[in-house]
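Everything below concerns the one structure shown next.
Numbering (the numbering used here), first residue to last: 901 to 1270.
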């Protein structure tokens, strides 16, 4: 019986020692010298801002871009604009020689002459009808021909306007009655020439874009939001932009656009931020990072300096007695500045080590090896 009780006590002591041995590696007793290197705080609530980082790029503001082309088929005989040149609204970029324009001007002059002649015929017919020399049917026929000539003139005038001739040009053509087959190609906005696809001697069509003019004083920063996070961003959310090529030029502003549709090819949603660029330092096609921030809210937070990485997991040292600390695993959210949101493992008011955790962990590992 005595031997039996001895075996029972041996088993109990062995189990206790095993339990202590399992817990001991997570605990450490700090020496007085080590305590001088440790800073302890009681964790509590703080304002947390959720954020999402997205790869982005700088693009032209498409509301400030004009693609300039010819309004009529012809051959380029002169160019006055080069890449990077600043141009003003209405400035001439090139000169076009167009036989089609000459034919349209010839048709315009002919219809004007025909209209004037038929107007004289109608005036004469009215006098003859008043003298009862011609019947009313003949007068009506001549008035009908006058109406047709007026329609033809309106059609010829509209065609010349489509080809780029102004009212002043039409008045000069009607007065001088000289055909001008040369047509200036002008810009419709003020900006910088960012693309040119034409050379002297080239035959161009109205569908061809010859120059691209952009106002670079404003640009866009565009990013693609994954479909799984499509409900995360809203128009008006605060965003930050950083550009690796310009590390000192962080910009902030609201999102001005969040697409209503998912791109079927990339399964992403386009988001956009407008960026003032008065100094032209932000170049289109620069790579950037767009960080979208949500309004802050009160949550249990922990200084990022308190986190100790052990076996690829987050831990913190919690003070249990005046000089004893326990390494506890914690679940944390994304970093917001220098704080982390506590998702699990800690309670408000617990005292954690925010400085000196590295030394405590070294001491713990040394004890474990011993």
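Here a beta-carbon is modelled for each residue, glycine too, at the ideal position from N, C-alpha and C.
My guess is that residue i and residue j are in contact by the Cβ rule of under 8 Å, so how many angstroms apart are they, rounded?
| i | j | result |
| --- | --- | --- |
| residue 1110 | residue 1097 | 6 Å |
| residue 974 | residue 960 | Actually they are not in contact, since the Cβ atoms of residue 974 and residue 960 sit about 28 Å apart, beyond 8 Å. |
| residue 1240 | residue 1227 | Their Cβ separation, rounded to whole angstroms, is 17 Å, which puts residue 1240 and residue 1227 out of contact at 8 Å. |
| residue 1018 | residue 1118 | Wrong, their Cβ atoms sit about 55 Å apart, outside the cutoff. |
| residue 1253 | residue 1206 | 6 Å |
| residue 1175 | residue 1242 | About 35 Å; that fails the 8 Å criterion. |
Using the Cα positions of residue i and residue j, report the straight-line distance between them to the nearest angstrom.
| i | j | result |
| --- | --- | --- |
| residue 1246 | residue 937 | 23 Å |
| residue 1249 | residue 1258 | 22 Å |
| residue 908 | residue 942 | At residue 908, the pLDDT of 45 sits below 50, so the modelled position is not reliable; the number obtained from the coordinates is stated separately. C-alpha separation (whole angstroms): 44 Å. |
| residue 1161 | residue 1121 | 19 Å |
| residue 915 | residue 1218 | Summary for residue 915: the model assigns pLDDT 43, below 50, so the residue's position carries little reliability, and this model does not support an answer. |
| residue 1209 | residue 1163 | 39 Å |
| residue 1171 | residue 1138 | 12 Å |
| residue 976 | residue 1106 | 13 Å |
| residue 940 | residue 1126 | 40 Å |
| residue 1051 | residue 1090 | 37 Å |
| residue 1136 | residue 1157 | 8 Å |
| residue 1008 | residue 992 | 25 Å |
| residue 1044 | residue 1030 | 18 Å |
| residue 1070 | residue 1103 | 25 Å |
| residue 1225 | residue 930 | 8 Å |
| residue 1026 | residue 1108 | 51 Å |
| residue 1282 | residue 1113 | No answer is possible for residue 1282: it lies beyond the span of the chain, which begins at 901 and ends at 1270. |
Is it right to say residue i is buried, meaning 16 or more other beta carbons lie within 10 angstroms of its own, or is it exposed?
| i | result |
| --- | --- |
| residue 1173 | buried |
| residue 935 | exposed |
| residue 1237 | exposed |
| residue 998 | buried |
| residue 1074 | exposed |
| residue 933 | exposed |
| residue 1046 | buried |
| residue 1256 | buried |
| residue 1062 | exposed |
| residue 1269 | exposed |
For residue i, does the three-state DSSP call read helix, strand or coil?
| i | result |
| --- | --- |
| residue 927 | strand |
| residue 1234 | strand |
| residue 947 | strand |
| residue 1135 | coil |
| residue 1097 | coil |
| residue 1259 | helix |
| residue 1165 | coil |
Do residue i and the ligand MN come close, with the Cβ less than 7 Å from some heavy atom?
| i | result |
| --- | --- |
| residue 1012 | No copy of the ligand MN appears in this structure; indeed no ligand is present at all. |
Is there contact between the segment 1053-1063 and the segment 1029-1045, where contact requires at least three CB pairs shorter than 8 Å?
Too few Cβ pairs lie closer than 8 Å, so no.
Counting beta carbon pairs with one atom in the segment 1143-1150 and one in the segment 996-1016, are three or more of them shorter than 8 Å?
No, they do not touch.
Are at least three pairs of beta-carbons, each pair with one atom in the segment 1098-1107 and one in the segment 1007-1014, less than 8 Å apart?
Contact check between the segment 1098-1107 and the segment 1007-1014: fewer than three CB pairs, one atom from each, fall below 8 Å, which does not count as touching.
Is it a yes or a no for the segment 956-971 touching the segment 1071-1091, going by three-plus beta-carbon pairs under 8 Å?
Yes, the segment 956-971 is in contact with the segment 1071-1091.
Does the segment 950-957 come close enough to the segment 1185-1200 that 3 or more CB-CB pairs lie under 8 Å?
Touching, yes.
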